[in-house]
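Chemist: To start, I am sharing the structure in question, which I have written as structure tokens.
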């Protein structure tokens, strides 16, 4: 395309560009001042997990190992044991948050609606071990979510 | 006599203080303006609207460790930043901020001095600033610094020709090299009207001369890290920074005086007009930086030598013929 001599002499394209930037200067900035201002979270955002409890406050998990099996990054570790009346006890339920890829498969696999993905994303720990969270932590998260109305 | 000297020293102190403060606040304005043009906020935390940010930056630079690399040429390395800042500051010696006025029966010059070769003095000083850049690049003993400084100096030298030629037109119209006389000559008509071509050439070459975007090739981060000042840290780096911004002020002040009528303007006092015009050109600098991408080096050189200098020469020729016929 031959360059128009008028455009060439009078810098029309540069003027257009300057117009664009000047227009943007008077727009409202889209910035969030993050630590002081909460950033919006999308409806289907998957954050740190939580574990639902029943009416007595006991975790709903029945120790079926489905979430451990489905987890692609193998970050869920479960150990179960038999109780005195033949019921199943959960000895250990751990999630390594630093390995978790937050895919949400565990949530989908769970047959009793126990493990869920929450909304919070601000888990930063000084050590790797700090990222190993147990069932207590998950239940506590559930309470927080209920209190703050952030759950599901 | 003694009173005169003391008054001049006071004036120099005032000018330098105000200049350094406005240089500091230019960095704030730059971040703010470009931030808003990119729909961001810019600095907000230190002080109201981030207004104390330049002071925080200055403190930070002062507290930083002043590293001198092992293999540098020490004396040259240390002199270089000074040599780029001092010419930029001393250029303000001849810039008339406002007209003379009489107070208590005594005539007061609101500028440091008015010499009859003012424009020539400024052009000479702006070339001296290049020495600082070349020396810093060479003394740093680093390939990138050397490449950056060579680029910068090639750019400055080649654009200075166009800049000087662009200034010839208004000088011919005013018939004087004194910046005060040039301003007074524009009482009726600003020189931007009869010398519009020269004004555009001047603006382009001034931006190239001060190494600002879109001609900020010495700072091409992908190729040169930061050009001539890679090896500098702490206050020495800050001096280069100050020099760059002080140069911007010099160049804007000259554009104001030579093309935009200096302190001339209705209603408001002369000084206010001067400041408004200078700040407008400074804003233009930032505006351009937010708009245009960086040029390639060969494009930059061919624009300077093949486009700007011929047009500037033609402008000089036509202007001088017209001036000759009219006089």
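Residue numbers (the UniProt record's numbering), protein chains in the order written: chain A, 1 to 152; chain B, 1 to 327. Ideal Cβ positions, reconstructed from N, Cα and C, are used throughout, including at glycine.
Between residue 136 (chain B) and residue 215 (chain B), is the Cβ-Cβ spacing less than 9 Å?
Modeler: The answer is no: Cβ separation not under 9 Å.
Chemist: I'd like to confirm the pairing. Which residues does DSSP put opposite residue 82 (chain A) in its beta bridges?
Modeler: In the DSSP output, where bridge partners are listed per residue, residue 82 (chain A) has A:88.
Chemist: Hey, residue 127 (chain B) and residue 157 (chain B): beta-carbon distance below 9 Å or not?
Modeler: Yes. Within cutoff.
Chemist: When the Cα atoms are used, what is the spatial distance from residue 285 (chain B) to residue 255 (chain B)?
Modeler: Cα to Cα, residue 285 (chain B) sits roughly 12 Å from residue 255 (chain B).
Chemist: With distance defined between alpha-carbon atoms, name the residue in B:155, B:6, B:114, B:183 nearest to residue 296 (chain B).
Modeler: The option with the nearest alpha carbon to residue 296 (chain B) is B:155.
Chemist: Assuming residue 149 (chain B) contacts residue 237 (chain B) (C-beta within less than 8 Å), just tell me the rounded distance between them.
Modeler: That pair is no contact at about 14 Å.
Chemist: What residues in the region 37–70 of chain B have a beta carbon less than 8 Å from any beta carbon of chain A?
Modeler: Residues 37, 38, 39, 40, 41, 44.
Chemist: Answer with yes or no whether the minimum CB distance from residue 130 (chain B) to chain A is below 9 Å.
Modeler: False, the Cβ-Cβ gap to chain A never drops below 9 Å.
Chemist: Following the continuous beta strand (DSSP E) through residue 116 (chain A), name the residue where it begins and the one where it ends.
Modeler: Here the beta strand (DSSP E) through residue 116 (chain A) covers 115–117.
Chemist: Where residue 24 (chain B) and residue 129 (chain B) are concerned, what is the direct C-alpha to C-alpha distance, given to the nearest angstrom?
Modeler: Approximately 20 Å between the Cα atoms of the pair.
Chemist: Nearer than 8 Å: is that true of the beta carbon of residue 263 (chain B) relative to any heavy atom of the ligand GDP?
Modeler: No copy of the ligand GDP appears in this structure; indeed no ligand is present at all.
Chemist: Would DSSP call residue 45 (chain B) helix, strand or coil?
Modeler: Coil at residue 45 (chain B), not helix or strand.
Chemist: What do you get for residue 11 (chain A), buried or exposed, if any count of 16 or more other CB atoms within 10 angstroms of its CB means buried?
Modeler: Exposed, because fewer than 16 other Cβ atoms sit within 10 Å of the Cβ of residue 11 (chain A).
Chemist: Counting along the chain, where does the beta strand (DSSP E) carrying residue 50 (chain A) start and finish?
Modeler: From DSSP, the beta strand (DSSP E) with residue 50 (chain A) extends over 49–51.
Chemist: Might you give, ordered along the chain, the residues of its own chain that have their beta carbon closer than 7 Å to the beta carbon of residue 119 (chain B), omitting 5 neighbours on each side?
Modeler: These residues qualify, in order along the chain: 167, 171, 177, 179.
Chemist: How big is the Cα-Cα spacing for residue 290 (chain B) and residue 186 (chain B)?
Modeler: Taking the straight line from one Cα to the other gives about 32 Å.
Chemist: Can you list the alpha helix (DSSP H) stretches of 4 or more residues lying completely in the region 259–310 of chain B, in chain order?
Modeler: Counting whole runs of 4 or more residues, the region 259–310 of chain B contains the alpha helix (DSSP H) stretches 270–291, 297–302.
Chemist: I'd like to know whether the C-beta of residue 137 (chain B) is nearer than 9 Å to at least one C-beta of chain A.
Modeler: Output row for residue 137 (chain B): interface = no.
Chemist: According to DSSP, simplified to helix, strand and coil, what is residue 132 (chain A)?
Modeler: In this structure, residue 132 (chain A) counts as strand in the three-state DSSP scheme.
Chemist: At a Cβ cut of 8 Å, what residues of the region 289–316 of chain B count as close to chain A, listed as they run along the chain?
Modeler: Listed by position along the chain: 290, 291, 292.
Chemist: With H, G and I counted as helix, E and B as strand and the rest as coil, what does DSSP make of residue 94 (chain A)?
Modeler: Of the three classes helix, strand and coil, the one that applies to residue 94 (chain A) here is strand, per DSSP.
Chemist: Taking only the alpha-carbon atoms, compute the straight-line gap between residue 66 (chain B) and residue 15 (chain A) and give it to the nearest angstrom.
Modeler: Computed Cα separation, rounded: 43 Å.
Chemist: Quick one: is residue 23 (chain B) near chain A, going by C-beta distance under 9 Å?
Modeler: No, because no Cβ of chain A sits closer than 9 Å to the Cβ of residue 23 (chain B).
Chemist: Identify, in the order they occur along the chain, each residue of the same chain with its Cβ nearer than 6 Å to the Cβ of residue 112 (chain A), setting aside the five sequence neighbours on each side.
Modeler: Counting only Cβ-Cβ distances below 6 Å, and skipping sequence neighbours, we find 60, 62.
Chemist: Please work out which residues of its chain come closer than 8 Å, Cβ to Cβ, to residue 94 (chain B), disregarding the five sequence neighbours upstream and downstream, and give them in chain order.
Modeler: Excluding residues within five positions, the ones whose Cβ falls inside 8 Å are 111, 112, 113, 114, 115, 118, 121, 122, 179.
Chemist: Any C-beta of chain A sitting closer than 9 Å to the C-beta of residue 193 (chain B)?
Modeler: No, its Cβ sits nowhere closer than 9 Å to a Cβ of chain A.
Chemist: When DSSP builds the beta bridges, which residues end up paired with residue 101 (chain B)?
Modeler: According to DSSP, residue 101 (chain B) bridges with B:108.
Chemist: Taking the C-alpha atoms as reference points, what is the distance between residue 141 (chain B) and residue 226 (chain B)?
Modeler: Cα to Cα, the separation comes out at about 15 Å.
Chemist: Name the two residues that bound the continuous alpha helix (DSSP H) containing residue 38 (chain B).
Modeler: Segment: none, residue 38 (chain B) is in no alpha helix (DSSP H) and carries neither H nor E.
Chemist: With a 10 Å radius around its C-beta and 16 neighbouring C-beta atoms as the bar for buried, classify residue 108 (chain B) as buried or exposed.
Modeler: Residue 108 (chain B) comes out exposed.
Chemist: Output yes or no for whether 9 Å exceeds the beta carbon distance between residue 146 (chain A) and residue 94 (chain A).
Modeler: No, they are not a contact pair.
Chemist: Check whether the region 77–85 of chain A and the region 117–128 of chain A are in contact - that is, three or more C-beta pairs closer than 8 Å.
Modeler: No: the two stretches stay apart, fewer than three of their Cβ pairs being nearer than 8 Å.
Chemist: With DSSP run on the structure shown, which of helix, strand or coil describes residue 157 (chain B)?
Modeler: Looking at residue 157 (chain B) - three-state DSSP - the assignment turns out to be helix.
Chemist: With 9 Å set as the bound, which would you pick, yes or no: does the beta-carbon of residue 6 (chain A) sit closer than that to a beta-carbon of chain B?
Modeler: By this cut-off, residue 6 (chain A) is not an interface position.
Chemist: Please say whether residue 288 (chain B) and residue 208 (chain B) have beta carbons closer to each other than 9 Å?
Modeler: For residue 208 (chain B) and residue 288 (chain B), no; Cβs fall outside 9 Å.
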